[in-house]
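Quick notes on the structure that follows.
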Amino acid sequence: MDLALLPPGVQLSCAVLARFMPMHLLLDASGRVLGAGPTLARMLQGLPLEGARFEELFEVRSPGGAVTAEEVLARAGHRFRLVARNGVRAGLRGLGERLPDGRMLMNFSFGIDLITAVRDLGLSDGDFVATDLAMELLYLAEANAAVTRELRALNLRLEGARLAAEEEALTDPLTGLRNRRAADLVLERLCATGTPFAMLHMDLDYFKSVNDTLGHAAGDFVLEQVGRILREELRAEDCAARIGGDEFLVLLSSRIDLQILQGIADRIIHRITQPMPYGEDRAQVSASIGIIRSLDAGSRDPAQLMALADRALYAAKDAGRARAVLLVAKVP
Amino acid sequence: MDALMLRFLQGYVRDTFGAALWHAICQRGGLSIETFEPMLRYPPGLADATAGHAAAVLGRPVESIWEDMGTYLVTSSGHEGVRRLLRFGGVGFADFLHSLEELPGRARLAMPDLDMPEIHLTECAADRFVLECRSPLGGTLRVLTGMLTAMADDYGTLCLIDPVGEDRISIRILDQDHAVARRFDLALPET
Chain A
5 MDLALLPPGV QLSCAVLARF MPMHLLLDAS GRVLGAGPTL ARMLQGLPLE
55 GARFEELFEV RSPGGAVTAE EVLARAGHRF RLVARNGVRA GLRGLGERLP
105 DGRMLMNFSF GIDLITAVRD LGLSDGDFVA TDLAMELLYL AEANAAVTRE
155 LRALNLRLEG ARLAAEEEAL TDPLTGLRNR RAADLVLERL CATGTPFAML
205 HMDLDYFKSV NDTLGHAAGD FVLEQVGRIL REELRAEDCA ARIGGDEFLV
255 LLSSRIDLQI LQGIADRIIH RITQPMPYGE DRAQVSASIG IIRSLDAGSR
305 DPAQLMALAD RALYAAKDAG RARAVLLVAK VP
Chain B
-12 MDALMLRFLQ GYVRDTFGAA LWHAICQRGG LSIETFEPML RYPPGLADAT
38 AGHAAAVLGR PVESIWEDMG TYLVTSSGHE GVRRLLRFGG VGFADFLHSL
88 EELPGRARLA MPDLDMPEIH LTECAADRFV LECRSPLGGT LRVLTGMLTA
138 MADDYGTLCL IDPVGEDRIS IRILDQDHAV ARRFDLALPE T
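In the order they appear, the protein sequences are chains A and B. Taken in order, the first sequence gives residues 5 to 336; the numbers are from the working numbering. Taken in order, the second sequence gives residues -12 to 178; the numbers are from the working numbering.
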């Protein structure tokens, strides 16, 4: 079985060759297979090896134009690339040399296709020599994937925390409504995009007296109830904000029909005017609402619209409170 | 390392004893957060301090908490990656023990700024080993002990694993092929 002879005076048996190079291929002078290492043989499963011609086993990817083993060795500088003809996806990288007696010796590795090869062929530790860095590469690929996965998860968690912080920064903690900053942002956006919209500027009546007679906790309770009423009477796409102590702003872009707006405002006032049981006591407030529409105002300036909404609110207060006044007026 | 240990401790306590106990441990430690991120940095010593609080809340010695956490890391389905990375160390348990010396180098390939413990293995006889481990973290030796015990199981090897003093673990292999090793494929199936 002593086949390979390497001068001067170094003789390797096939078994030793197979141990040191489990992916070698030994060809006779005409390019027919004399022997193959165990891992290479495993990769070439399904193809008859003994006596097969090199070109029956492999398709040469580089050097271009080479087909036979002789051509590969003649044209390739120090490396060539092959794929097996049995449909194994992993390619091979190799080097080869013609021995003094005319036989050809080639040795292969999977190169960057290692993971695919290990997976598809079910290779194990024993299919690689101890000096091969295959295990390190497999290890690194998995460690890397684990680190990347962890980083991606961290990014998602940080993004979630950022969104929560942003949400918190735009929310009025007492009522759960938006706050002044959020209302300003929405108003600015509506003005900039040119969507027609309506503003309901609301102020509570007799709120101060609740605070004075029943205490601040009762005042907070009233504000919470108002927040709940607004949430229930409005849609998710509307923006309801508490923009001051007992001052609220509602921005509606989906419903701007005059009668509908009046109806929404009246319903809100009606509900707020109902006495709110607070312990043994009852908190009694009402609300005044000034309504304007961007279309009537003929302006896209947030400050001007806000001033106009303020005027509408004062008109409502002047009209005797617990009222909604719709102001169809242009910004002066 | 503190970040990794804290994350693992959090996972171990939550999975084993429930979120309420982890909350109690963090409260006792006066921690402002309860979720540790393995990729962030925390003050050195926080992992050992937190394990101390865990010991007080759970009413168990801190050593056994670290050891159980080490076992949990290798055996829990949520950390299959840890077990796999360790199994790359060798075909048999003895091979694996020798590969531990390379562990810091391997870990640095993936995370260059991870300060892994220094590990040195002495083979006293074919079935007797002493593993020395130096780490600024007090819990490291016990975590390693727990992991080794679980890995011996994974390889189907019966052995005695005992911490000796502050920085050594004595390992005696009684039966290399005591049970069938858990299956290990070099490459994970394509996802």
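Beta carbons: idealized from backbone N, C-alpha and C, even for Gly.
For residue 26/B, the chain A residues whose Cβ falls inside 7 Å of its Cβ are 154, 155, 158, in order along the chain. Within the region 173 to 229 of chain A, the alpha helix (DSSP H) runs of at least 4 residues that lie entirely inside it are, in chain order, 184 to 197, 211 to 218. When DSSP reads this structure, residue 282/A sits in a beta bridge with 285/A. For residue 150/B, DSSP records a beta bridge to 156/B. The beta-carbon separation of residue 238/A and residue 203/A, rounded to 13 Å, does not stay under the 8 Å limit for a contact. Remark: fewer than three beta-carbon pairs, one from each stretch, lie closer than 8 Å, so the region 265 to 276 of chain A and the region 300 to 311 of chain A are not flagged as touching. Measuring C-alpha to C-alpha distances from residue 79/A to each of 316/A, 152/A, 67/A identifies 67/A as the nearest. Under the Cβ distance rule, residue 68/B counts among the residues neighbouring chain A, one pair being separated by less than 7 Å. For residue 40/A, the enclosing beta strand (DSSP E) has its first and last residue at 37 to 40. In this structure, residue 84/B lies near residue 108/B, with their beta-carbon atoms less than 7 Å apart.
Residue 140/A and residue 42/B have their C-alpha atoms roughly 38 Å apart.
In this structure, the straight-line span from the alpha carbon of residue 47/B to that of residue 55/B is close to 11 Å. In the same chain as residue 13/B, and ignoring 5 residues on each side of it, the C-beta atoms closer than 6 Å to its own belong to 21, in chain order. If you look at residue 1/B, you'll find it in the alpha helix (DSSP H) that goes -11 to 4.
In terms of beta-carbon proximity, residue 139/A lines the interface with chain B, with at least one pair separated by less than 7 Å.
Looking at 258/A, 217/A, 243/A, 298/A, the one whose alpha-carbon comes closest to that of residue 286/A is 217/A. Against chain B, the beta carbon of residue 133/A has no neighbour under 8 Å; the closest one sits roughly 13 Å away. Contacts with chain A (Cβ-Cβ distance below 8 Å) from the region 78 to 104 of chain B involve 78, 93, 94, 96, 97, 98, listed in chain order.
A residue is called buried once 16 or more other Cβ atoms fall within 10 Å of its Cβ, and residue 244/A is buried on that count.
For residue 71/B, there is no enclosing beta strand (DSSP E); the residue is found in the alpha helix (DSSP H) stretching over 67 to 74. The Cβ neighbour count for residue 146/B, taken over all protein chains shown within 10 Å, is at least 16; the residue is labelled buried.
Straight-line measurement puts the Cα of residue 160/A at about 50 Å from the Cα of residue 325/A. When the alpha-carbon of residue 230/A is set against those of 263/A, 190/A, 292/A, 265/A, the nearest one is in 292/A. At a cut-off of 7 Å between C-beta atoms, residue 210/A does not count as an interface residue with respect to chain B. By the CB criterion at 7 Å, residue 23/B and residue -6/B fall inside the cutoff. Residue 148/A and residue 97/B have their C-alpha atoms roughly 5 Å apart.
Chain A places no beta carbon closer than 7 Å to that of residue 116/B, leaving this residue out of the contacts. By the rule that beta-carbons nearer than 7 Å mark a contact, residue 122/A touches chain B.
Around the beta-carbon of residue 205/A, 16 or more other beta-carbon atoms lie within 10 Å, marking it buried. Around residue 75/B, the beta-carbon contacts reaching into chain A at under 8 Å are 139, 142, 143, 146.
For residue 116/A, the nearest beta carbon of chain B is not closer than 7 Å to its own beta carbon.
The closest CA to that of residue 66/B, considering only 143/B, 164/B, 134/B, 139/B, is found on 134/B. Taking 7 Å as the CB threshold, residue 202/A stays off the interface with chain B.
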